[in-house]
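Enquirer: 5 is the number of the first residue of the sequence shown in this note's numbering; add one for each residue after it.
Each residue gets a CB set at the ideal place from its N, CA and C atoms; glycine is no exception.
Just dropping this structure here.
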Amino acid sequence: MRPTILIFTIVTWVGLNGPALAADIPFPAGFLWGTATAAHQVEGGNSGNTWWDWEQVPGHIKNGDKSGLAADHWNRFASDLDLARAINCNAYRFSVEWSRIEPADGVFDQAAIGHYREVLAACRQRRLTPMVTLFHFTLPRWIGALGGFESPVVVDRFARFSRRMGQELGDLVDLWCTENEPVVYALASYGNGVFPPGKTDVGVALRVYARLIEAHGKAYRALHDSDRIDADGDGRPALVGIAKHLRVFDPYSPYSTPDILAARALDQLFNRVFFHACTRGEARISGPAPGAPVESIHDLGLRGTMDYIGVNYYSRDIVKFNPASPLMADLTVNQGSPTSDLGWEIYPEGIYRTLMSLKRYNLPVFITENGVADGPDKLRKAFIRDHLHWIAQAISDGVDVRGYFHWSLMDNFEWAEGFWPRFGLYRVDYGTQARTLTEGGRFFSEVAGKNVLPGPDCRR
């Protein structure tokens, strides 16, 4: 899940209602309907990673929250997967916690590996196709001591970890996601310091982003080398991709050349660089400001290291040129547009624009995250409905979208925001750990159960 990042926080969204729904819209046969979670956000007790340490420092997390028990998913995974099946999910995306599996350099905990095998077996028993993420923002404490992804050594450690996961879990997993939102992680951890290690150096952030791209390439090769078992009988033992946060950047004024150029520069940095590297084997990473640090990638081994594209889509930014800003721009919300509890604009058409921009890569696409912070549960049904409408339009227009994973199955620890944002299809009472289905969850269940988006009557 994307955090509130100072430099990418203010978001815009137009057209909550979207275009008219003329009739029921069927989705392709075999379409995956799932939800997504991340280990640290839901499991509880992940005390061996750098995030746990970060949370103990006052001021790092809103309201002084600490992940603590979180949603206790470590102990409740079986009943939570039952809840997923109850709303007609046929897939589940989750992450494995590196610090549990490899608590010390080169020391692998077979009990932790066994736990994740139990989770995967439970998915298979419930006819939930698993998608497993290997890096979702948390690092083992010992990796942090090595310098995290600032260090080239850690790139190789991540490749080793990925290889081990392919060996240990490959008979139960065919869908792999190497990293979640690498540019968000780099900017939040090293650009504005709202993630550990809390640094504020754009040059370091760009270097870390380059390392994460390199790490993805090595993890991709390691997974294909180590996972040779076809778990679902489709003829491919492993499909490896990335969960990439993608945003729409629109100029404040469509007639202002500076606004247009600033929006294009941010789109290039945030949305395009990763794909260029993984399809061409080269990319140039730089900030928008003149004289900004530049990281260049020239590695032909990166070419072809993406079997699918995972899209995490939440919102868009309106970009106004400002030469005094490190980004050469201010990011604003479109006045009058509906927003989530986090102030993110609700802009369903943006997911269509995003998907159409990916058509050039000729790769399968999964929506690996899409959701809304909505405590009152007044926005979620329309949010899901309108985004699915635009996804269906993209499919009709030739984009090979194969699944939709809603963020999230249940409420969880939302990084620097703590527990107050409510993203779950199930509401969590953190005092009792009781789960309650939301109205948005009921609508998701209806769509997933029929593999059809209802027409106009669903607006009532």
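Consider the C-beta atom of N79 and the heavy atoms of the ligand FAD; say whether any pair is separated by less than 6 angstroms.
Expert: With respect to small molecules bound, the structure shown includes none, and the ligand FAD cannot be examined in it.
Enquirer: Which residue spans inside the stretch 155 to 240 form an unbroken beta strand (DSSP E) run of at least 3?
Expert: 179 to 184
Enquirer: Is the stretch 255 to 266 touching the stretch 181 to 199, taking contact as three or more C-beta pairs under 8 angstroms?
Expert: no
Enquirer: So what does DSSP say about G444, is it helix, strand or coil?
Expert: Working through the sequence shown from its first residue, we reach residue 444 at position 440. It is helical.
Enquirer: What is the DSSP secondary structure of W411, reduced to helix, strand or coil?
Expert: Numbered from its first residue, the sequence shown carries residue 411 at position 407. W411 falls in the strand class under three-state DSSP.
Enquirer: Run the CB neighbour count on K222, radius 10 Å, all protein chains shown included, and call it buried at 16 or more, exposed below.
Expert: As a working note, residue 222 is residue 218 in the sequence shown. So K222 ends up on the buried side.
Enquirer: If you follow the alpha helix (DSSP H) that P107 is part of, which residue opens it and which one closes it?
Expert: Here residue 107 refers to the residue found at position 103 of the sequence shown. First-last for P107: undefined, no H or E at that position.
Enquirer: Please specify which runs of the alpha helix (DSSP H), each continuous and at least 4 residues long, are wholly inside the stretch 23 to 79, giving them in chain order.
Expert: 43 to 46 and 54 to 59
Enquirer: Out of I371, D415, A235 and R164, point me to the one whose CA is closest to W394's CA.
Expert: Along the sequence shown, one-based indexing puts residue 394 at 390. For the set I371, D415, A235 and R164, the Cα lying nearest the Cα of W394 is the one of I371.
Enquirer: I322 bridges to which residues according to DSSP?
Expert: In the sequence shown, residue 322 corresponds to position 318, counting from 1. I322 pairs with D254 and T336.
Enquirer: Indicate whether M135 and L173 have their beta-carbon atoms separated by less than 7 angstroms.
Expert: Here residue 135 refers to the residue found at position 131 of the sequence shown. Here residue 173 refers to the residue found at position 169 of the sequence shown. Going by beta carbons, M135 and L173 fall outside the 7 angstroms limit.
Enquirer: Evaluate contact between the stretch 356 to 368 and the stretch 438 to 454, counting only Cβ atoms and requiring at least three cross-stretch pairs below 8 angstroms.
Expert: no
Enquirer: Secondary structure at T372, three-state DSSP: helix, strand or coil?
Expert: Within the sequence shown, the letter at position 368 stands for residue 372. Here T372 sits in strand by DSSP.
Enquirer: Identify whether R288 lies in helix, strand or coil by the three-state DSSP scheme.
Expert: By one-based count along the sequence shown, residue 288 stands at place 284. The answer is strand: DSSP assigns R288 an E or B state.
Enquirer: Any idea if E131 is buried or exposed, counting beta-carbon neighbours within 10 angstroms, 16 or more meaning buried?
Expert: Within the sequence shown, numbered from 1, the residue matching residue 131 stands at position 127. It is worth fixing the name first, because residue 131 is Arg in this sequence and not Glu. Exposed, because fewer than 16 other Cβ atoms sit within 10 Å of the Cβ of R131.
Enquirer: Can the beta-carbon of T133 be found closer than 7 angstroms to that of A95?
Expert: As a working note, residue 133 is residue 129 in the sequence shown. As a working note, residue 95 is residue 91 in the sequence shown. Taking 7 angstroms as the Cβ cut-off, T133 and A95 qualify as a contacting pair.
Enquirer: Who are the near neighbours of R161 in its chain, counting only those whose CB is closer than 7 angstroms to its CB and skipping five residues on each side?
Expert: For the purposes of this step, residue 161 is taken as the residue at position 157 of the sequence shown. Answer for R161: I147, listed in chain order.
Enquirer: For a quick check, are the C-beta atoms of A247 and N316 less than 7 angstroms apart?
Expert: Along the sequence shown, read from residue 1 onward, the residue named residue 247 stands at position 243. Along the sequence shown, read from residue 1 onward, the residue named residue 316 stands at position 312. The answer is yes: Cβ separation under 7 angstroms.
Enquirer: How many angstroms separate the CA atom of R145 from the CA atom of L73?
Expert: Translated into the one-based positions of the sequence shown, residue 145 becomes position 141. Translated into the one-based positions of the sequence shown, residue 73 becomes position 69. One C-alpha to the other measures close to 19 angstroms.
Enquirer: Report the option in D345, M310 and G308 whose CA atom is closest to the CA atom of Y318.
Expert: Position 314 of the sequence shown, counted from the first residue, corresponds to residue 318. Of all alpha-carbon atoms in D345, M310 and G308, the one lying nearest the alpha-carbon of Y318 is that of D345.
Enquirer: Within 10 angstroms of its Cβ, does S83 collect 16 or more other Cβ (buried), or is it exposed?
Expert: Position 79 of the sequence shown, counted from the start, is the residue given in the question as residue 83. Classification for S83: exposed.
Enquirer: Identify every run of the alpha helix (DSSP H) within the stretch 88 to 157, keeping only runs that are complete inside it and at least 4 residues long; order them along the chain.
Expert: 102 to 105, 114 to 129 and 145 to 149
Enquirer: Could you give the DSSP three-state label for F278: helix, strand or coil?
Expert: Along the sequence shown, read from residue 1 onward, the residue named residue 278 stands at position 274. Helix at F278.
Enquirer: Assign E349 to one of three DSSP states: helix, strand, or coil.
Expert: Mapped onto the sequence shown, residue 349 falls at position 345. DSSP places E349 in strand when its eight states are reduced to three.
Enquirer: Go through its chain and collect everything with a Cβ distance to F279's Cβ below 7 angstroms, but skip five positions before and after it.
Expert: To locate residue 279, count along the sequence shown from 1; it is residue 275. These residues qualify, in order along the chain: Y365.
Enquirer: Among F409, Q397, Y120 and D109, which residue has its Cα nearest to the Cα of E101?
Expert: The residue given as residue 101 occupies position 97 in the sequence shown. Measuring from the Cα of E101, the nearest candidate turns out to be Y120.
Enquirer: Tell me the DSSP bridge mates of A438?
Expert: As a first step, residue 438 is located in the sequence shown; it is residue number 434 there, counting from the start. Note: A438 sits in a beta bridge opposite D433.
Enquirer: I need the boundaries of the alpha helix (DSSP H) containing S400, first residue and last residue.
Expert: On the sequence shown, position 396 is the one that residue 400 refers to. For S400, the uninterrupted alpha helix (DSSP H) run begins and ends at R384 to S400, by DSSP.
Enquirer: Run through DSSP, which three-state label would E450 get?
Expert: Mapped onto the sequence shown, residue 450 falls at position 446. In the structure shown, E450 sits in a helix (DSSP, three-state: H, G or I).
Enquirer: DSSP puts E299 in a beta bridge; with which residues?
Expert: As a first step, residue 299 must be located in the sequence shown, where it is residue number 295. Residue pairing by DSSP puts E299 in a beta bridge opposite I289.
Enquirer: Assign G354 to one of three DSSP states: helix, strand, or coil.
Expert: For the purposes of this step, residue 354 is identified with residue 350 of the sequence shown, where counting begins at 1. Helix.
Enquirer: CB-CB under 6 angstroms to N416, same chain, minus the five flanking residues each way: which ones, in chain order?
Expert: Stepping through the sequence shown from its first residue, residue 416 is reached at position 412. Q45, V46 and A75.
Enquirer: Looking only at DSSP bridge pairs, what is V405 linked to?
Expert: Mapped onto the sequence shown, residue 405 falls at position 401. Per DSSP, V369.
Enquirer: Which residues mark the beginning and the end of the alpha helix (DSSP H) in which L265 is found?
Expert: Sequence index remark: in the sequence shown, residue 265 carries index 261 (1-based). L265 -> alpha helix (DSSP H) spans T261 to D271.
Enquirer: What distance in whole Å lies between the Cβ atoms of P368 and D334, which are believed to be in contact at a cut-off of 8 angstroms?
Expert: Translated into the one-based positions of the sequence shown, residue 334 becomes position 330. Translated into the one-based positions of the sequence shown, residue 368 becomes position 364. Actually they do not touch by this definition, with Cβ atoms about 36 angstroms apart.
Enquirer: DSSP has T343 in a bridge; who is on the other side?
Expert: If you number the sequence shown from 1, residue 343 lands on position 339. DSSP lists E349 as partners of T343.
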